[in-house]
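In full-length UniProt numbering, the protein residues as written are 1 to 703. Structure record follows, encoded as structure tokens.
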């Protein structure tokens with residue numbers, strides 16, 4: 001039986017035929033093989049998404065304190081995770097197969113929390129809903145949703161006492177604290193539920209302090225206070241507070257408003273009126289009332305009373321340090337007294353908040369020129385644009401580069417700190433300096449966040465050229481002797497010791513000449529010999545090119561390696577013939593170190609051209625004056641001799657430098673020309689000179 005795997009969807013537009021290879025075998029019989037072709041045709045089908053239609057079903061995790069009838073899962077519409085490519089939910093029918101669950105499935109495919117919510121006292125609860133979806137044509141699909149209810153870990157909001165009674169003897173002035181309520185829980189806030197529009201009392205939503213809104217005498221009031229979690233308002237509790245005020249016979253002036261709360265911009269002009277008090281005594285007249293301002297000297301220096309009017313005395317600077325130390329708020333009290341005896345007074349609290357106004361534009365720094373080496377890495381800091389703004393908070397500026405970053409401008413600026421960083425390649429030869437246009441925009445300097453001011457500043461970044469250095473290898477010429485191992489083995493021959501400038505890139509090594517048959521390869525800076533079939537002794541002259549530097553500024557040097565390879569030998573069966581061993585002398589290697597001056601490329605070119613012209617001129621003059629046909633024949637015969645070659649070529653981008661090593665490289669030239677004739681090398685004991693010898697013919701050639 002061949003079935004379709006669970007959770008798999010067929011799409012005829014992508015794959016319309018599957019070929020299944022089936023193999024079967026009975027015990028003791030041969031295996032047989034057959035093919036089954038499954039063709040997929042396009043049709044109107046109803047599909048459910050993979051998590052919902054899988055065997056395990058989709059999983060939803062909620063907390064136990066979720067509100068009743070809260071949507072927990074939506075089968076439709078997308079992108080909430082319902083059907084894919086299905087019609088509108090109004091043309092679909094949703095049916096719940098299992099009814100042993102408190103959850104509710106709506107006609108639009110929404111899974112809702114229970115009507116009474118989950119029980120928060122239980123541990124983790126799991127509910128599984130099997131849902132079938134059907135359209136008007138009878139197509140259907142089904143799936144499952146598993147709802148995991150996790151226990152709530154936060155404490156519930158509760159009042160320690162459900163009822164409180166407060167009695168106050170004497171009258172209560174405006175904004176005086178009558179009592180304070182306290183509830184347990186997290187993020188607790190307080191509110192008055194009843195009366196709905198409290199006219200006598202107000203409550204601090206954070207501290208729970210109940211204050212009077214005006215002077216109260218001989219009054220009884222009942223307040224219903226609610227405490228709730230600010231992040232989860234459904235978590236709440238209530239308490240009833242009964243307040244009784246036992247007043248006295250003393251009559252003081254009554255003022256409207258009983259408390260002054262005002263917000264003024266810092267640009268308010270001196271002499272402007274903030275508020276006018278309307279006060280009356282027991283005779284319902286405002287005659288013989290005196291107004292005085294009590295508070296800190298700083299408040300009384302900025303505000304004054306002219307009769308019942310509170311006015312601005314001096315300008316209010318929001319951007320000063322003294323204003324910031326006060327929290328941009330002034331507090332004081334207006335004392336209203338009656339001229340009769342005994343002296344009676346009313347105190348009106350005053351709270352004035354100064355609001356900011358964006359008055360000044362950001363200012364550019366005095367110097368905005370920076371220098372960075374051309375080898376600076378990605379993300380390196382170039383410098384910092386220190387813009388200033390006199391509005392408070394000071395120097396609250398955002399930075400941006402006009403035009404953004406790109407190949408023509410390999411720098412970016414930090415939005416908050418103003419630090420300029422490298423985000424692209426630098427080359428002092430292509431461009432020596434960059435001009436950046438940086439926009440400085442102030443932030444948080446006005447109540448209206450849309451009122452922002454900006455300024456454009458020019459920033460110059462100069463590139464500091466880093467001198468190029470050729471890689472150096474010690475020694476530049478090596479002569480090595482090895483005995484080949486068995487075919488297929490790997491023999492390390494030598495390790496090249498080269499170095500470059502500290503800021504240069506890693507060196508790379510390449511065999512450029514002498515390895516035509518592939519007997520050698522480089523693994524990093526290590527030369528490895530790869531023995532092949534057994535052969536005669538041979539000598540290889542390898543030229544290794546060592547590269548260093550970055551991009552178009554890369555430089556190279558060539559190292560010569562002379563490798564004498566002796567074939568590997570196989571064991572010989574024992575023989576009765578007595579063989580006398582021939583003593584083998586240890587080869588004598590003479591190393592000569594020569595100090596070389598490395599002039600710049602332009603100097604070498606000029607000197608070479610000048611020397612060539614001078615030699616040509618002198619040669620022509622000497623030829624015409626002193627030489628004749630005999631000299632011409634002598635010169636012709638000399639041109640036929642072998643000339644020692646002792647030049648090492650160091651190649652860079654567009655520049656060729658020649659350095660001479662007469663002793664070592666002359667030997668290399670002779671070795672390369674005679675490596676097929678001479679198989680030995682020795683030193684003459686009389687003269688001390690090295691020579692090559694042929695063990696068969698006895699011929700010699702001086703090195």
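Here a beta-carbon is modelled for each residue, glycine too, at the ideal position from N, C-alpha and C. Quick caveat, the model's predicted, so the values are computed rather than measured.
Helix, strand or coil at residue i [DSSP, three-state]
i           : result
residue 118 : coil
residue 187 : coil
residue 302 : helix
residue 279 : strand
residue 34  : strand
residue 259 : coil
residue 612 : helix
residue 265 : strand
residue 24  : strand
residue 584 : A caution first: residue 584 carries a pLDDT of 47, below 50, which makes its placement in the model too unreliable to give a value.
residue 178 : strand
residue 607 : helix
residue 619 : helix
residue 624 : helix
residue 702 : strand
residue 321 : helix
residue 547 : strand
residue 630 : In this predicted model, residue 630 has a pLDDT of only 48, less than 50, meaning its place in the structure is not dependable enough to derive any value.
residue 52  : helix
residue 376 : coil
residue 74  : strand
residue 159 : coil
C-beta atoms of residue i and residue j nearer than 8 angstroms
i           : j           : result
residue 157 : residue 185 : yes
residue 452 : residue 441 : yes
residue 241 : residue 210 : yes
residue 66  : residue 113 : yes
residue 401 : residue 410 : no
residue 193 : residue 219 : no
residue 135 : residue 94  : no
residue 53  : residue 13  : no
residue 399 : residue 319 : no
residue 541 : residue 559 : no
Cβ separation of residue i and residue j, assumed to be a contact under 8 angstroms, to the nearest whole Å
i           : j           : result
residue 120 : residue 151 : 7 angstroms
residue 190 : residue 227 : 6 angstroms
residue 336 : residue 365 : In fact, because the Cβ distance is near 54 angstroms, the residues do not count as touching under 8 angstroms.
residue 528 : residue 490 : 6 angstroms
Residues of its chain near residue i, where Cβ-Cβ distance is below 7 angstroms and the 5 sequence neighbours each way are ignored
i           : result
residue 124 : 148, 149, 150 and 151
residue 34  : 22
residue 68  : 113, 114, 115, 116 and 117
residue 18  : 38
Exposed unless 16 or more other CB atoms sit within 10 angstroms - verdict on residue i
i           : result
residue 342 : Reliability of the predicted coordinates at residue 342 is poor, the pLDDT of 48 falling under 50, and the value obtained from them is presented with this limitation in mind. Counting Cβ neighbours within 10 Å, residue 342 comes out exposed, since fewer than 16 surround it.
residue 416 : exposed
residue 243 : buried
residue 137 : exposed
residue 609 : exposed
residue 474 : exposed
residue 500 : buried
residue 276 : exposed
residue 183 : buried
residue 37  : exposed
residue 48  : buried
residue 378 : exposed
residue 682 : exposed
residue 73  : buried
residue 478 : buried
residue 25  : exposed
residue 641 : Summary for residue 641: the model assigns pLDDT 39, below 50, so the residue's position carries little reliability, and this model does not support an answer.
residue 212 : buried
residue 58  : buried
Min CB distance residue i to chain D below 8 angstroms
i          : result
residue 63 : The structure shown contains no chain D; it holds only a single protein chain.
Contacting residues, own chain, Cβ-Cβ under 6 angstroms from residue i (five flanking each side not counted)
i           : result
residue 98  : 130
residue 274 : 262 and 310
residue 388 : 363 and 395
residue 518 : none
residue 258 : 174 and 214
residue 281 : 253 and 338
residue 476 : 559
residue 346 : 252, 253, 255 and 336
Close-in-space but distant-in-sequence residues of the same chain around residue i (CB under 8 angstroms, 5 per side omitted)
i           : result
residue 460 : 368, 369, 370, 433, 434, 435 and 436
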